[in-house]
């Protein structure tokens, strides 16, 4: 019976993530168009823009990334049983609550990392989804508790690091709940509430990228002592967050600066070594990995470079995180193809889709970075920031073209997956179809 339940969990997590990614992409159409110079004037409702942005960020990052973490945990064990089925069900309910809250008359709060709809249903949805991840991660730990570390693969160690990083992230948020007075203005309260945990989550997301690379390489290589140390470096960096959590007021400048610097220097620690190790095995790359690895690595490096030159609250900030999250998105799309490849050949169109997405995100990042350099503000529509200079108009147009290209690539991704799933028991090959 346990085996029967376990076989349902991994596909359910992946399906939840793909659905969230698809919804986020639909919402992104509104966001991209509202920032373009000409069509943006027809979609200039600020409240609609803010609510859409809240839902987009949570679906595109929190639910999509979190569900894929749940997929990796559940895929790596055959003895998780009913508790894992409970976890993915709880996660789906949490995601649905977030979407339903977006339709209610409530104030959108554009806090960094985890923007929220200030409504009890939205906050309950967040709690349910986090509880689902805790339950799934805990189930994975129980299933691997009695393994000697010499028997663990590098992928297993990376998944264990994700458990530890999730625990530290949630502990930081809970500590902020206890420390912050609830009578603060909502904008201030939620900004401070998720500041520390949000920065730790960025370290977790970078570690997710590493885990996906290892999974796409087969996930069977045993971890040596050097690999163990490297994979635990981000966890050790995140452990240092206990000092500000225990000794600093979340409202203090020192607290905010500590987590900013921790994210800046701690998020990428495992990436160079693992990337080098993966590159050494490039002769064994699958077709998916030949596109995903260089593309995601390039986007991640660009994201780090843009982040290093941020000097204010402008569009340089979203340029930075769209590059880094784009790298993770590309890897996760490759993960979806790799999982289905066990049942069907990945079609040539899949490779085109991955390349199209990488190019689209790169163009969008360039447009955002140039706009930020020119002083265009964040989280506003065209109406909220008049684009008087031709250079501002051109950079925002480049952002729009890149964003729409990436959106088209995501729609293509969902369509290809749908066809592969629908025809998984046949010999369907997308590259052989004729229109």
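Residue numbers (this note's numbering): 1036 to 1470. All C-beta atoms, glycine included, are put in the ideal place defined by N, C-alpha and C. The model shown is predicted, which means the values in this text are computed figures rather than measured ones.
- Fewer than three Cβ pairs drawn from the region 1234-1251 and the region 1167-1180 lie within less than 8 Å of each other, which leaves the two stretches out of contact.
- Going by C-alpha positions, residue 1262 is about 9 Å away from residue 1305.
- Restricting attention to 1436, 1210 and 1175, the CA atom closest to the CA of residue 1120 is found in 1175.
- Pairing residue 1146 with residue 1225 gives a Cβ-Cβ distance under 8 Å.
- Residue 1095 counts as buried, since at least 16 other C-beta atoms from the protein chains shown sit within 10 angstroms of its C-beta.
- Less than 8 Å separates the beta-carbon of residue 1389 from that of residue 1330.
- Here residue 1411 carries a coil assignment [DSSP, helix/strand/coil].
- In the structure shown, the three-state DSSP call for residue 1086 is helix.
- In terms of Cβ geometry, residue 1341 and residue 1256 do not form a close pair [threshold 8 Å].
- Taken atom to atom, the span from the alpha-carbon of residue 1144 to that of residue 1151 is near 5 Å.
- Annotated three-state conformation of residue 1349 is strand, per DSSP.
- The beta carbon of residue 1107 sits closer than 7 Å to those of 1194, 1246 and 1250, all from its chain and outside the five residues before and after it, given in chain order.
- When 1207, 1199 and 1056 are compared, the shortest CA-CA separation from residue 1278 is found for 1207.
- For residue 1344, the three-state secondary structure derived from DSSP is coil.
- Here DSSP, grouped into helix, strand and coil, assigns residue 1151 to strand.
- Residue 1438 has its alpha-carbon roughly 20 Å from the corresponding atom of residue 1384.
- With distances taken between CA atoms, residue 1057 lies nearest to 1448 out of 1361, 1448 and 1454.
- Per the DSSP secondary-structure output, residue 1144 pairs in a beta bridge with 1151.
- Shown here for residue 1266: same chain residues with a beta carbon closer than 6 Å to its own, the five before and five after excluded, namely 1192, 1193, 1196 and 1305 in chain order.
- Spatial neighbours of residue 1254 in its own chain (CB-CB distance under 7 Å, excluding positions within 5 residues in sequence) are listed in chain order as 1188 and 1190.
- In this structure residue 1327 does not touch residue 1297 by the C-beta definition: roughly 28 Å separates them, more than the 8 Å allowed.
- Pairing residue 1300 with residue 1457, the inter-Cα distance amounts to about 44 Å.
- By the Cβ test, the region 1048-1068 is in contact with the region 1426-1445, since at least three Cβ pairs between them sit closer than 8 Å.
- Residue 1098 holds the alpha-carbon nearest to the alpha-carbon of residue 1055 among 1089, 1082, 1043 and 1098.
- For residue 1309, the enclosing alpha helix (DSSP H) starts and ends at 1306-1315.
- Spanning the alpha carbons of residue 1294 and residue 1354 requires a straight line of approximately 20 Å.
- Relative to the Cα of residue 1387, the nearest Cα in the group 1368, 1398 and 1402 belongs to 1368.
- Taking the Cβ atoms as the reference, residue 1204 lies roughly 5 Å from residue 1236, within the contact range of under 8 Å.
- Distance from the CA atom of residue 1088 to the CA atom of residue 1260, rounded to whole angstroms, is 43 Å.
- Secondary structure of residue 1287 (DSSP, three-state): coil.
- Between residue 1335 and residue 1374, the alpha-carbon positions lie close to 23 Å from each other.
- DSSP places residue 1188 within a strand segment (E or B) once states are collapsed to three.
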